[in-house]
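Quick note, the sequences are listed as chains V and D, same order.
Position one of the first sequence corresponds to residue 0 (numbering that gives the first Met the number 0), numbered consecutively onward.
Position one of the second sequence corresponds to residue 0 (numbering that gives the first Met the number 0), numbered consecutively onward.
Shown next, in structure tokens, is the structure this report addresses.
Number of protein chains: 2
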Amino acid sequence: MTTSAPRRPRQDAVDNRAGILSAATAAIAHDPQASINTIARSAGLSRRALYGHFADRNALLAEIIDTGAERFNRIASDVTDTDAQVALARLTSLLWQQAAHVQVAASIALDDAHLEATGKALAPLRHAVAAILQRGQNDGTLRTDVDVTTLARLVEEAARAAITRVDATLPEARSLAVRTTLSMAGLSWRETVALLAEHPDILGDSAAGDAAPADVAPAAGGAAPAAGDTPAAGAKR
Amino acid sequence: MTTSAPRRPRQDAVDNRAGILSAATAAIAHDPQASINTIARSAGLSRRALYGHFADRNALLAEIIDTGAERFNRIASDVTDTDAQVALARLTSLLWQQAAHVQVAASIALDDAHLEATGKALAPLRHAVAAILQRGQNDGTLRTDVDVTTLARLVEEAARAAITRVDATLPEARSLAVRTTLSMAGLSWRETVALLAEHPDILGDSAAGDAAPADVAPAAGGAAPAAGDTPAAGAKR
DNA sequence: AATAACTTGCACATCACTGTGCAAGTTATT
DNA sequence: AATAACTTGCACAGTGATGTGCAAGTTATT
Numbered sequence: 000m001t002t003s004a005p006r007r008p009r010q011d012a013v014d015n016r017a018g019i020l021s022a023a024t025a026a027i028a029h030d031p032q033a034s035i036n037t038i039a040r041s042a043g044l045s046r047r048a049l050y051g052h053f054a055d056r057n058a059l060l061a062e063i064i065d066t067g068a069e070r071f072n073r074i075a076s077d078v079t080d081t082d083a084q085v086a087l088a089r090l091t092s093l094l095w096q097q098a099a100h101v102q103v104a105a106s107i108a109l110d111d112a113h114l115e116a117t118g119k120a121l122a123p124l125r126h127a128v129a130a131i132l133q134r135g136q137n138d139g140t141l142r143t144d145v146d147v148t149t150l151a152r153l154v155e156e157a158a159r160a161a162i163t164r165v166d167a168t169l170p171e172a173r174s175l176a177v178r179t180t181l182s183m184a185g186l187s188w189r190e191t192v193a194l195l196a197e198h199p200d201i202l203g204d205s206a207a208g209d210a211a212p213a214d215v216a217p218a219a220g221g222a223a224p225a226a227g228d229t230p231a232a233g234a235k236r
Numbered sequence: 000m001t002t003s004a005p006r007r008p009r010q011d012a013v014d015n016r017a018g019i020l021s022a023a024t025a026a027i028a029h030d031p032q033a034s035i036n037t038i039a040r041s042a043g044l045s046r047r048a049l050y051g052h053f054a055d056r057n058a059l060l061a062e063i064i065d066t067g068a069e070r071f072n073r074i075a076s077d078v079t080d081t082d083a084q085v086a087l088a089r090l091t092s093l094l095w096q097q098a099a100h101v102q103v104a105a106s107i108a109l110d111d112a113h114l115e116a117t118g119k120a121l122a123p124l125r126h127a128v129a130a131i132l133q134r135g136q137n138d139g140t141l142r143t144d145v146d147v148t149t150l151a152r153l154v155e156e157a158a159r160a161a162i163t164r165v166d167a168t169l170p171e172a173r174s175l176a177v178r179t180t181l182s183m184a185g186l187s188w189r190e191t192v193a194l195l196a197e198h199p200d201i202l203g204d205s206a207a208g209d210a211a212p213a214d215v216a217p218a219a220g221g222a223a224p225a226a227g228d229t230p231a232a233g234a235k236r
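If you want it as structure tokens, here you go:
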């Protein structure tokens, strides 16, 4: 008796699920309060279909946070520079590429309902940052007028602001994010400029990954183009 | 014929109105989504009574923004230091005292619905900041690796973060806010420490106002103490 | 003491959103 | 071509919030 092997998910369904995640990331980055309908529509699906992929809003948010945090944590573990200034700069530079994800993580992290979950998911990243800062304080390369905990928070906020609240299309956007973070860590602006001049690789085009990570929003319209109640183009079925 | 002069508002009503504004400021600083009911209850009034003082949610928010902005703008115009570094430091120091108002303004300013209104209300403050930054760039006392507009945004974000996302009860909180802002403006942390040492008045206890400004939340419980549907103590009738 | 001002509680209409059930249609996969 | 997987649209129930009308009570002011 050939016990019918439960057929694996259809390809279009897999794509649509991924599309929802992208769309949700983009939509929530733009408006943390984005409704399920808005998200589904901007992914080119009906609201009803979304519930076929995610049990509820929380499940969707949880997965967004998890995958986002995974990226961040992976990036953090990839930064191995012993020089704290360089490490912090490189970390910021790499995170800058994940602007939308940073935005979303920040939005969700501010929400009481998911504070716990985000805290856990982002723990490795935060640990890494704290370790870098501590190291810099120990060898005197970073500011010591603030305790590590507070400094970590300030640096995180500065990075978030520089990454998400500055026009990312500007050519100097990435460099700006890095300089901003270093400033918060205690360097003068001239020191940050000098540091980046000495380490041009930090702002490099970073063709040094493994697989090219499919980035945000391969779906249709950006986030919420006056979302009526009809699907945008892009749905596959 | 003694045309009955329309009796002036009762004193308790005036107090209650002020109480609502305080409560709303505190509540919204804690949670930008705070409901009308939550606000009213934390002011010791019923939801219904609130509508006797404010036409709708927007009217309430508008007044909060306006009074907050008025404080900020007044503060900004009071800062007359010619030295850009000192001016920026003093401005931050003074704004730090308005933590709850800064928090609220930031929250509301992020909301699309009130973006326009907040922008107009805060214009004078932003102009003042831009002027200070421009001055600093001209005489080389502030960073010149970022254009004024972007720098203004970054400084604003840094100040907001330092003022609202750091425990305000810490003794160094105020100093921290100032140092943070100066860091973002390009100074190294040692320079900020030196600057504050040279100008102890910046962190002074500021007994140098005119009338003591009635500050946030003379009402009852902080913001939302598991807001049921019954008034907290504090209502006057 | 009389009056107008104020507050309360309740009922009510409205809105936007969430989550689910189900029948009917479309499409990928075997 | 048959089948299971997927999507759609609609209906429906539930939640939580906003804003208003009104009668009854309480309180400041004259």
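Just so it is clear, CB atoms sit at the ideal spot from N, CA and C, and this is done for glycine as well.
As the structure is a prediction and not an experimental result, all values here were calculated from the model.
For residue i, which option in the options has the closest C-alpha, if you only look at C-alpha atoms?
i	options	result
D:His113	D:Ala99, D:Thr168 and D:Ile63	D:Ile63
D:Arg142	V:Thr79, V:Asp55 and V:Val192	V:Val192
V:Ala33	V:Ile107, V:Pro170 and V:Gln10	V:Ile107
D:Leu109	V:Val128, V:Asp80, V:Thr24 and V:His29	V:His29
D:Val13	D:Thr37, D:Gly118 and D:His52	D:His52
V:Ile131	V:Lys119, V:Gly118, V:Ala151 and V:Thr24	V:Ala151
D:Asp11	D:Thr37, D:Thr24, D:Ala54 and D:Ala42	D:Ala42
So, at 8 Å on beta carbons, what are the nonlocal neighbours of residue i in its own chain, with the 5 sequence-adjacent residues on each side left out?
i	result
V:Val85	Leu194, His198 and Ile201
D:Leu250	As shown, chain D starts at 0 and ends at 236. That puts residue 250 of chain D outside it, with no answer to give.
D:Arg46	Ile35, Asn36, Ala39 and Arg40
Does the separation of the CB atoms of residue i and residue j fall below 9 Å?
i	j	result
D:Val278	D:Leu94	Examination of residue 278 of chain D is not possible in this model, given that chain D is present from 0 through 236 alone.
V:Ser187	D:Gly135	no
D:Ile316	D:Arg9	The requested residue 316 of chain D is not part of the displayed model; chain D covers only 0 to 236.
D:Leu87	D:Thr180	yes
V:Arg159	V:Ser92	no
D:Ala116	V:Met183	no
Using only the alpha-carbon positions, how far apart do residue i and residue j sit?
i	j	result
D:Ala105	V:Arg6	52 Å
D:Thr149	D:Ala99	25 Å
D:Asn137	V:Arg189	16 Å
V:Leu59	V:Ala26	13 Å
D:Ala83	D:Thr140	7 Å
V:Arg40	V:Ala22	9 Å
D:Ser76	D:Ala127	7 Å
D:Glu244	V:Gln96	Nothing can be reported for residue 244 of chain D: it is not among the residues displayed for chain D, which extend from 0 to 236.
V:Glu155	D:Ala196	27 Å
D:Val147	V:Leu169	15 Å
D:Val24	D:Ala61	First, the amino acid is wrong: residue 24 of chain D is Thr here, not Val. Each residue's alpha carbon lies about 12 Å from the other.
D:Val78	V:Val165	28 Å
D:Gly118	V:Asp111	28 Å
V:Ala54	V:Arg70	24 Å
D:Tyr203	D:Ala129	The question names Tyr, but residue 203 of chain D is Gly in the sequence shown. C-alpha separation (whole angstroms): 25 Å.
V:Gln133	V:Ile74	19 Å
D:Ala167	V:Ala167	32 Å
Please return the same chain residues whose Cβ sits closer than 6 Å to the Cβ of residue i, not counting the five positions on each side in sequence.
i	result
D:Ala225	For D:Ala225, the predicted structure reports a pLDDT of 39, less than 50, and the residue's modelled location is therefore unreliable. The matter cannot be settled from this model.
D:Leu121	Ala68
V:Thr66	none
V:Asn72	Pro123 and Leu124
D:Pro31	Ser106
D:Arg178	Thr191
V:Ala176	Thr91, Trp95, Ala161 and Ile162
Spatial neighbours of residue i within its chain, please: CB distance less than 7 Å, with the 5 preceding and 5 following residues excluded, ordered by chain position.
i	result
D:Asp80	Ala86 and Arg89
Residues of the region 127-140 of chain V in Cβ contact with chain D at a cutoff of 7 Å, in chain order, please. Listed in chain order, the positions of the region 127-140 of chain V with a beta carbon within less than 7 Å of a beta carbon of chain D would be empty, since no residue qualifies.
Beta carbons nearer than 9 Å to chain D: which residues of the region 140-154 of chain V have them? Listed by position along the chain: Leu141, Arg142, Thr143, Asp144, Val145, Thr149, Arg152 and Leu153.
Name, going along the chain, the residues of the region 185-199 of chain D whose beta-carbon falls closer than 7 Å to a beta-carbon of chain V. Residues Gly185, Leu186, Ser187, Trp188, Glu190 and Val192.
Between the region 72-99 of chain D and chain V, which residues of the former have a C-beta closer than 7 Å to a C-beta of the latter? Of all residues in the region 72-99 of chain D, none has a Cβ within less than 7 Å of some Cβ in chain V.
Taking only beta carbons into account, state which residues of the region 156-177 of chain V come closer than 7 Å to chain D, listed in chain order. If the cut-off is 7 Å between Cβ atoms, the region 156-177 of chain V has Glu156, Ala157, Ala160, Ala161, Arg164, Val165 and Leu175 near chain D.
Proximal residues, the region 26-38 of chain D versus chain V, C-beta separation under 7 Å: Listed by position along the chain: nothing, the set is empty.
Closer than 7 Å, Cβ to any Cβ of chain D: which residues of the region 44-63 of chain V, in chain order? The residues in question: there are none.
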